[in-house]
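K.L.:
Attaching a single structure in structure tokens format; questions to follow.
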Amino acid sequence: MTHWFHRNPLKATVPVKFDGLRKCGKGEKCSEIVTQLKVSRTHFLDLVNNAGSAVDEVTVAFTEYLGLVKGLVEAPQGGESKLRTLTTFKWTNSLQGRTPSVQTDAWFEVVSVVMNMAIWHTKHAALKASDDSITVEEAKEVHRSLKLAAGMFLHIKDHLLPKLPATPEKGTDFDVRVVEAYAGQSQAEAQEVTLGRALELGHKPTVVSALAAETGQQFTLAGDALKTLEPAQFNKWATYLALKAAFYESYTYCFFGKELLVQEKCGDSIKALQHSQALCEKATKLCEKYARTKGPGTIARPERHPFFQKLTPMVKLHLDKSTRENGFIYYQKVPAELPEMEHHQVYGLATPEDFVLPPHHPLWTEESYAAFQFSPDASEKYDTKASASQEEIGPVPEPDIAPGKVPEPQTKSGCSIS
């Protein structure tokens, strides 16, 4: 599904030497921990900077590095680590350009790494879904990556942000509104895969309508999280979320109208389908606005995809049929208000996969931890505000997914990840 998904940039960082940790470490075990911290961090970043890396390989590198960093935030025997404030970490924010956030706090590193891993999962899913046609197993991988990302974002919000010593600055990646938007988008996009599957398997209109309603609502909630943030930074992302919400709301009322005709409620069917048509037009206009809006991230072009292009003629087909049937058979009045939609219980809704931090790396034992002789003088001295304002970190090089020629749909819905 070429350019079906909008993606923000990865967080960028700089190499970390862990010199403060090395200075207070006594013995070979301490040296080995410091060396492994540097090596595993570099290895993880090399893998996560490529959306095409294998999930298993990235997960192993992610788990190993976090297991090592865990000794800097939690002592092996429990309690806060004495090593938490020995190292300065610098990370950019995905929507705030090259100027990094800087903290001498290992929890800041943990949250940044988990955040980048979650963003990587969304990018990996988008890359996998960009193929003209993918296998069922690949579609499952897309689905799972999006659910994993949603779970990581929620874990950041609920469990990791409270670990930070100060309230995050507005608009940074650790602003709770930004994290909520990422989580909501990931869950909504996982739901898109579920909906595509329901369409391909020919489920009843009531099931499709309910799934589409849930999907649209998730996009709406994600967009709502961004409403109070700086428009210049967040408008493009917010517009993408709004167009997806309108698109799936149109799908909702299209299949709702189809079901109402089956129930011989022709007037209600016409009203629902008219609303679907208006929402489809709204989604198309939002696509145009999205294309005009400046902002960071890869550019989605959903209006070019068969899944999007099939909606307008499908709505027209059902609306014409309901109008025709009403003129020949039912003679029902089209109501002024939209008919109320019943909320059916739907199975298979995409739920985020739970995430927890990995355990300490085996190198961390009570003995190796005790060998780090902490002293206040070992902490790195860093004037965060002054230094951050004078330095920049270049973005992570990310090759764009070439849009190419839109292929003929291989499925009746036009969705290639169903």
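In our numbering, the protein residues as written are 204 to 621.
Note that CB positions come from ideal geometry on N, CA and C, so glycine has one too.
Residues in the same chain with beta-carbon distance under 7 Å from residue 437, minus the five sequence neighbours each way, listed in chain order, please.
P.N.:
298 and 429
K.L.:
To the nearest angstrom, report how far apart residue 585 and residue 409 are at their CA atoms.
P.N.:
Interpretation of residue 585 is limited by its pLDDT of 43, a score under 50 that renders its predicted location unreliable; no figure is taken from the coordinates.
K.L.:
Could you pull out every residue in the same chain whose Cβ sits closer than 7 Å to the Cβ of residue 210, ignoring the five residues on either side in sequence?
P.N.:
Correct list, in chain order: 325, 326, 329, 500 and 501.
K.L.:
Whole angstroms are fine: how far does the CA of residue 443 sit from the CA of residue 206?
P.N.:
12 Å
K.L.:
Report the residue ranges of all alpha helix (DSSP H) runs contained in full by the segment 429-476; include only those spanning at least 4 residues, in chain order.
P.N.:
434-465
K.L.:
Suppose you measure from the CA of residue 318 to the CA of residue 425; what does that come to, to the nearest Å?
P.N.:
Roughly 17 Å separates the two Cα atoms.
K.L.:
Give the DSSP-derived three-state secondary structure of residue 495 in the structure shown.
P.N.:
helix
K.L.:
Could you give the uninterrupted runs of the alpha helix (DSSP H) lying entirely in the segment 329-389, keeping only those of 4 residues or more?
P.N.:
339-358
K.L.:
Can you pull the DSSP bridge partners for residue 294?
P.N.:
216 and 304
K.L.:
Short check: CB of residue 292 to CB of residue 265, under 8 Å?
P.N.:
No, these two residues do not count as a Cβ contact at 8 Å.
K.L.:
Roughly how many whole angstroms lie between the Cα atoms of residue 216 and residue 596?
P.N.:
7 Å
K.L.:
Around the Cβ of residue 338, are there at least 16 other Cβ atoms within 10 angstroms (buried) or fewer (exposed)?
P.N.:
The residue is exposed, with fewer than 16 neighbouring Cβ atoms inside 10 Å.
K.L.:
Tell me the DSSP secondary structure of residue 210 in three-state form.
P.N.:
strand
K.L.:
Note the first and the last residue of the continuous alpha helix (DSSP H) segment covering residue 519.
P.N.:
514-528 is the span of the alpha helix (DSSP H), which, as asked, contains residue 519.
K.L.:
Shortest alpha-carbon distance to residue 572 belongs to which of 222, 214 and 234?
P.N.:
Nearest C-alpha to residue 572 among 222, 214 and 234: 234.
K.L.:
Taking the alpha carbon of residue 520 as the point to measure from, which residue in 485, 511, 476 and 490 has its own alpha carbon closest?
P.N.:
Closest option to residue 520, Cα to Cα, is 476.
K.L.:
Need the endpoints of the alpha helix (DSSP H) that residue 247 sits in, please.
P.N.:
231-251
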